[in-house]
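Step one of this worksheet: look at the structure below.
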Amino acid sequence: MESLLILRRPLFLLLTCAAALLLAMPSGTYATRFIVGGHNGWTNNFNYTEWAKTQHFYLGDWLCLKWDIFRALFDGFVRLVEFMSSVFVYDRNQMNVLEVNKTAYDACSAEHPLHNWTTGAGRDVVPLNVTRHFYFISGNGFCYGGMKLAVRVENLPPPPKAALASHKNGAPNASSLIMVRLATAFAVMWALLFRI
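Residues -31 to -1, 1 to 165 in mature numbering (1 follows the signal peptide of the UniProt record, and there is no 0) are what the sequence shown lists, from first letter to last.
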């Protein structure tokens, strides 16, 4: 009877469903949500060119520009359930997020942006849904302080040929791995519910 009471707890059900969903997702097939600048966020006096050189941006990824570390930590949690998005978070009273062409990027010119991603909330999302170069700057002179980012978005690389060859040799494929994950999640839930 006590195990049936556990089923009625909304938090338990929510966590169980989230765990099952995470276990069912094939690894490496979902988009990445990048926090631009890492723990530094979207701020002055930071070299975003060097930061971008350490990242690989693929079709379907998102950029996240932040000016507040607490928001960055919160969004790290949100990233577990959000896929394929880029978010720019910054002080909306001073900064903005403008997509520009290469010439405007090099000159830090905000005069004719291709797109103004600034929504007024200080938290903007930019999907990287086209394979090309993207150029972002912050106007009001902040670009001269380093608030500019160039990103090259590529298609996902093909799976390694060794992985395809091993599948032909009887190795498990992605769907069988998903079934193993689901069976494991079910067994754990069963054990928790009935205290086996």
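Here a beta-carbon is modelled for each residue, glycine too, at the ideal position from N, C-alpha and C.
All values derive from a computational prediction rather than experimental measurement.
Where DSSP assigns a beta bridge to residue i, which residues make up the other side?
i, result
"Ala119", "Tyr104"
"Trp31", "Arg2, Pro96"
"Asn85", "Leu67"
"Phe26", "Val122"
Can the beta-carbon of residue i be found less than 9 Å from the beta-carbon of residue j?
i, j, result
"Leu28", "Val120", "no"
"Asn65", "Tyr104", "no"
"Met116", "Trp11", "yes"
"Thr87", "Leu67", "yes"
Give me the Cβ distance between residue i and residue j, rounded to the nearest whole Å; I'm assuming they're in contact under 8 Å.
i, j, result
"Gly108", "Asn13", "With 8 Å as the limit, Gly108 and Asn13 do not qualify as a contact, their Cβ atoms being about 13 Å apart."
"Val122", "Leu97", "5 Å"
Ordered along the chain, which non-local residues of its own chain (more than five positions away) have a Cβ less than 7 Å from that of residue i?
i, result
"Gly7", "Trp20"
"Gln24", "Phe3"
"Glu51", "Because Glu51 carries a pLDDT of 41, less than 50, the predicted location of this residue cannot be relied on, and the following value inherits that uncertainty. For Glu51, where only same-chain residues beyond five positions count, the Cβ hits under 7 Å are Arg2."
Using C-beta distances below 6 Å, list every residue in its chain close to residue i, excluding the 5 sequence neighbours before and after it, in chain order.
i, result
"Leu125", "Tyr27"
"Thr1", "Asp30"
"Cys112", "Cys77, Ile106"
"Phe15", "Gly6, Asn9, Gly115"
"Asn85", "Leu67"
Can you name, in chain order, every residue of its own chain whose Cβ lies under 8 Å from the Cβ of residue i, other than the five neighbours on each side?
i, result
"Thr100", "Leu28, Val122, Glu123, Asn124"
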